[in-house]
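Student:
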Amino acid sequence: MRLLLVEDHVPLADELTASLTRQGYAVDWLADGRDAAYQGASEPYDLIILDLGLPGKPGLEVLQEWRAGGLATPVLVLTARGSWAERIEGLKAGADDYLTKPFHPEELALRIQALLRRAHGLANQPQLEAAGLQLDESRQCVTSGGEVIDLTAAEFRLLRYFMLHPGQILSKSHLADHLYDGETERDSNVIEVHVNRLRGKLGRNVIETRRGQGYRFTGERG
Numbered sequence: 001m002r003l004l005l006v007e008d009h010v011p012l013a014d015e016l017t018a019s020l021t022r023q024g025y026a027v028d029w030l031a032d033g034r035d036a037a038y039q040g041a042s043e044p045y046d047l048i049i050l051d052l053g054l055p056g057k058p059g060l061e062v063l064q065e066w067r068a069g070g071l072a073t074p075v076l077v078l079t080a081r082g083s084w085a086e087r088i089e090g091l092k093a094g095a096d097d098y099l100t101k102p103f104h105p106e107e108l109a110l111r112i113q114a115l116l117r118r119a120h121g122l123a124n125q126p127q128l129e130a131a132g133l134q135l136d137e138s139r140q141c142v143t144s145g146g147e148v149i150d151l152t153a154a155e156f157r158l159l160r161y162f163m164l165h166p167g168q169i170l171s172k173s174h175l176a177d178h179l180y181d182g183e184t185e186r187d188s189n190v191i192e193v194h195v196n197r198l199r200g201k202l203g204r205n206v207i208e209t210r211r212g213q214g215y216r217f218t219g220e221r222g
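With UniProt numbering applied, the sequence shown corresponds to residues 1 to 222, in that order.
What follows is the structure, given as structure tokens:
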């Protein structure tokens, strides 16, 4: 999953980027509201974390601009402690959730997971489940029929994306857009390697190849 972090406080941004990367997210970081307004609307992000107190253009204006332009990407707003009016304005402008500074990194992680599940119609699931598989995002492993299967970081990122899009045909270029940040060189052959490794661990039918189209997650073991 590819996230955009818009935060002008560099130490916090560095901390969040490192934490989110460890959790298997591809993170792009911006510190200026003008840059965020453009990039958030033009790149295929799965979720945006937006501070409201930004240079260049206030975060609230950026959010309003995104929503006026039809951007449906989930947005988690960061606000200052006690700024209840700011939180209300953020929600009115189209924020999906907010988090008050300072916050615990684990709370941010859980809110992101919940927003992503909600965005894909899986809001009632306490954890990500699809086709008999249960994904443990904190341990980065998957359970099937009581069996715990360990995953590499790359396998975990790919499987999480497939499980959030069960039954959908996903091209290699689409997967690359959502699994890598804007600075990483993208190689579709690497995705093919990780798909084959997931098949080796979960069963050859778990991911179907659609020639000329991409892959479809079925969740079928065997």
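Ideal placement from N, C-alpha and C gives every residue a C-beta, glycine not left out.
Would you call the region 121-128 and the region 7-24 touching, i.e. three or more CB-CB distances under 8 Å?
Tutor: In short, these stretches do not touch, since the Cβ pair count stays below three.
Student: In terms of DSSP beta bridges, what is residue 273 paired with?
Tutor: This structure cannot speak to residue 273, because the chain is shown only from 1 to 222.
Student: Who are residue 129's beta bridge partners in DSSP?
Tutor: Bridge partners of residue 129: 134.
Student: Please say whether residue 55 and residue 270 have beta carbons closer to each other than 8 Å?
Tutor: Missing from the structure shown is residue 270; the chain here goes from 1 to 222 and no further.
Student: Let me know the secondary structure DSSP gives residue 219 once reduced to three states.
Tutor: In the structure shown, residue 219 sits in coil (DSSP, three-state: anything other than H, G, I, E or B).
Student: Pairing CB atoms from the region 152-172 with CB atoms from the region 188-198, are three or more of them under 8 Å?
Tutor: With a cut-off of 8 Å, the region 188-198 and the region 152-172 count as touching, because enough Cβ pairs lie within range.
Student: Which of the three DSSP states, helix, strand or coil, is assigned to residue 52?
Tutor: If DSSP states are grouped into helix, strand and coil, residue 52 belongs with coil.
Student: What I want to know is whether the C-beta of residue 132 ends up closer than 7 Å to one or more non-hydrogen atoms of the ligand SAM.
Tutor: The ligand SAM is not part of the structure shown, which contains no ligands of any sort.
Student: State whether the region 36-55 contacts the region 123-135, with contact taken as three or more CB pairs (one from each stretch) at a distance under 8 Å.
Tutor: Because the criterion of three Cβ pairs below 8 Å is not met, the region 36-55 and the region 123-135 do not touch.
Student: Is the beta carbon of residue 171 less than 8 Å from the beta carbon of residue 213?
Tutor: Cβ atoms of residue 171 and residue 213: closer than 8 Å.
Student: Which residues bound the beta strand (DSSP E) around residue 26?
Tutor: That run of the beta strand (DSSP E) goes 26-30.
Student: Have a look at residue 108 and residue 99 and give me their C-alpha separation to the nearest angstrom.
Tutor: Whole-angstrom Cα-Cα distance: 7 Å.
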